[in-house]
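Each residue of the sequence shown is one higher than the one before, counting from 1 in the UniProt record's numbering.
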Amino acid sequence: QMWEEAIALGKELAEQYENEMFDYEQLSELLRKQAQFYENIVKVIRPKPDYFAVGYYGQGFPTFIRNKVFIYRGKEYERREDFEARLLTQFPNAEKMKTTSPPGDDIKNSSGQYIQCFTVKPKLDLPSKFHRPVSEQIVSFYRVNEVQRFEYSRPVRKGEKNPDNEFANMWIERTIYVTAYKLPGILRWFEVKSVFMMEISPLENAIETMQLTNDKINNMVQQHLNDPNLPINPLSMLLNGIVDPAVMGGFTNYEKAFFTEKYIHEHPEDHDKIEKLKDLIAWQIPFLAEGIRIHGEKVTEALRPFHERMEACFRQLKDKVEKQYGARAVISSLDDRRGSRPRSMVRSFTMPSSSRPLSVASVSSLSSDSTPSRPGSDGFVLEPLLPKKMHSRSQDKLDKDDLDKDKKEKKKEKRNSKHQEIFDKEFKSTDISLQQSEAVILSETISPLRPQRPKSQVINVMTSERRFSVSPSPPSSQMTPPPITPRTKLTFSMQSNLELNGMSSSEIPDVPPPLPLKGSMADYGNLMESQDLISPTTSPPAHQRVSP
1 QMWEEAIALG KELAEQYENE MFDYEQLSEL LRKQAQFYEN IVKVIRPKPD
51 YFAVGYYGQG FPTFIRNKVF IYRGKEYERR EDFEARLLTQ FPNAEKMKTT
101 SPPGDDIKNS SGQYIQCFTV KPKLDLPSKF HRPVSEQIVS FYRVNEVQRF
151 EYSRPVRKGE KNPDNEFANM WIERTIYVTA YKLPGILRWF EVKSVFMMEI
201 SPLENAIETM QLTNDKINNM VQQHLNDPNL PINPLSMLLN GIVDPAVMGG
251 FTNYEKAFFT EKYIHEHPED HDKIEKLKDL IAWQIPFLAE GIRIHGEKVT
301 EALRPFHERM EACFRQLKDK VEKQYGARAV ISSLDDRRGS RPRSMVRSFT
351 MPSSSRPLSV ASVSSLSSDS TPSRPGSDGF VLEPLLPKKM HSRSQDKLDK
401 DDLDKDKKEK KKEKRNSKHQ EIFDKEFKST DISLQQSEAV ILSETISPLR
451 PQRPKSQVIN VMTSERRFSV SPSPPSSQMT PPPITPRTKL TFSMQSNLEL
501 NGMSSSEIPD VPPPLPLKGS MADYGNLMES QDLISPTTSP PAHQRVSP
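Structure representation (structure tokens):
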């Protein structure tokens, strides 16, 4: 489920498929996988494994782990007890240490085997590309992955113990572990290369605790906004533990410990930190308000009394905090963190139901086929029936084209029937016997007012090498067509180009003039070398035929 790593590798493969191999089929499949990975990152909740620090002390261990500390990445939902049991099976003679403090030289130099194991917290190290607040679903991956720094906090008490408020003198001793490589890597465990320690004052600890609490509330609110089907029980426990703190007392303990005149007088250097803590307390109220609002929308009737009691406690808390520390509002920030579309984008994808004008960008984004309006036009409204109107206009054009086509077909049939009559008449007047499969070529004179037809209609001669041509009559109805003349290997061409080249229809002669005698049997169709040499009813001798 490390989809972020898969996407990074997929981009390298996509570069090869697109620019080196030109394998677009593999590229399309890879891009579909990447799209699914991005969707999984936002929608799928992934388990967060725990990390454990393990120290092997004593001369009884092998040299590569002797007196060294390692950070292990646990399995999904693996508890520390289960991890320790799995670890001790590898070293059945080892003794488990009871403390988390570093051991002395006596244990390190002993001949036995001592194992120290405790849970550490990974320290978030966001990549540089996240320069602005992003969704918690995206950030959550980097909280437990690609981490190299881990911390372990141990409470230490200094000074006199205060039975009424334990936070006043509770210091934190924090140990930072830095591994050789980022986890997870090629292994599930890496050696610790550096260790350093720092102390956190009680006031700094209170600030960190309030910050973590606010982040936890905000993250859970965002999860419920993104996925309304999440169970309500974790939200109920979190809100009730903060609004009605029956055990811990909430931030009231911080007020008693750090907001007193005595503490402020004794620690004047902590003035800025005190103001920061007050600000965090004030910011917690709007986060709680949003969480309680969501809880009220999703609560069942069985939990309605519980919700009403929680609302009553929250109203008291809100009045107290706003009176002491002021009011805060995070409406805009919550909207930004919901992960929804910007309002401008949602507006541009909404079909207008009123007379509100849309911008040119909105119109073009809605319909790329429609012509965008002019920038200077006012009151332009994109109607929802735009596709239907476009379809009707195109349909009218098609109907008009169909009518024109029908007229052309009728004219064509009329001309064909006329030429067929002429053709039959000529064949009756000749003694040439034609087989059914022989070919004829019809050529006609095309006037400029007619739509142009194909130059010729050719039918292959199946049983004979002879070809025949028929010249249709001129536009005048008194003219008779020229006779059919069989030729030796004659090819045919249209007369329309000759007749219409520089001549109007009225200037076309009744009989086209004959061309000069050709020296070879070339490409002149429908013409005779001499009207006297070859009779219309005489076939050429066989020895004069030229094979193609």
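We treat Cβ as the ideally placed atom computed from N, Cα and C, and that holds for glycine.
Can you round the beta-carbon distance between residue i and residue j to whole angstroms, since I take them to be within the 8 Å contact cut?
i: K182; j: V134; result: Actually they do not touch by this definition, with Cβ atoms about 20 Å apart.
i: K108; j: F150; result: With 8 Å as the limit, K108 and F150 do not qualify as a contact, their Cβ atoms being about 22 Å apart.
i: R328; j: P286; result: 5 Å
i: V120; j: Y152; result: 5 Å
i: Y51; j: R73; result: 6 Å
i: E173; j: R154; result: 5 Å
i: K256; j: N165; result: 5 Å
i: N214; j: Q284; result: 5 Å
i: F258; j: L277; result: 7 Å
i: L27; j: E18; result: 6 Å
Please return the same chain residues whose Cβ sits closer than 6 Å to the Cβ of residue i, not counting the five positions on each side in sequence.
i: Y254; result: A206
i: Q59; result: S111
i: W3; result: F37, N40, I41
i: L126; result: Y142
i: M97; result: Y114, Q116
i: V221; result: E290, G291
i: M197; result: T175
i: E95; result: Y114
i: R188; result: R73
Check whether the Cβ atoms of residue i and residue j lie closer than 8 Å to each other.
i: Q223; j: E81; result: no
i: V54; j: L87; result: yes
i: D191; j: F70; result: Checking the displayed sequence, the identity of residue 191 turns out to be Glu instead of Asp. Yes, they are a contact pair.
i: V195; j: P49; result: no
i: L280; j: M210; result: yes
i: L235; j: G291; result: yes
i: Q1; j: R46; result: yes
i: F167; j: V243; result: no
i: I217; j: L288; result: yes
i: A282; j: G241; result: no
i: A14; j: L30; result: yes
i: residue 551; j: F118; result: Because the chain is modelled from 1 through 548, residue 551 falls outside the range shown and cannot be assessed.
With a threshold of 7 Å (Cβ to nearest heavy atom), would residue i be considered close to the ligand FAD?
i: Q137; result: The ligand FAD is absent from the structure shown, which contains no ligand whatsoever.
With a threshold of 7 Å on Cβ separation, who are the neighbours of residue i within its own chain once the five nearest residues in sequence on each side are excluded?
i: V299; result: I232, H307
i: N93; result: Q113
i: S353; result: Reliability of the predicted coordinates at S353 is poor, the pLDDT of 37 falling under 50, and no value is obtained from them.
i: Q34; result: I7, G10
Among residues of its own chain, excluding the 5 on either side of residue i, which ones have a beta-carbon nearer than 8 Å to its beta-carbon?
i: K68; result: G55, Y56, E191, V192
i: E208; result: I200
i: G296; result: H307, E311
i: W171; result: P155, V156, R157, K158, E199, I200, S201, P202, N205
i: L230; result: Q223, H224
i: V321; result: I281, A282, Q284, I285
For residue i, which residues does DSSP report across the bridge?
i: K121; result: E151
i: residue 550; result: There is no way to answer for residue 550, as the model of the chain reaches only from 1 to 548.
i: E191; result: F70
i: M197; result: T175
i: Y56; result: K68, I115
i: L183; result: V147
i: M170; result: R157
i: Y51; result: R73, V120
Handout entry: Complete runs of the alpha helix (DSSP H) confined to the stretch 61 to 104 [at least 4 residues]
Key = 80 to 88
Problem - Uninterrupted beta strand (DSSP E) stretches inside the stretch 262 to 329 (no shorter than 3 residues) - result: none
Practice task
Any chance you could list the alpha helix (DSSP H) runs of at least 4 consecutive residues sitting entirely within the stretch 218 to 247, in chain order?
Solution key: 233 to 243
Exercise for the section: Within the stretch 4 to 42, note down every full beta strand (DSSP E) run reaching 3 residues or more, in order along the chain. Expected result: none
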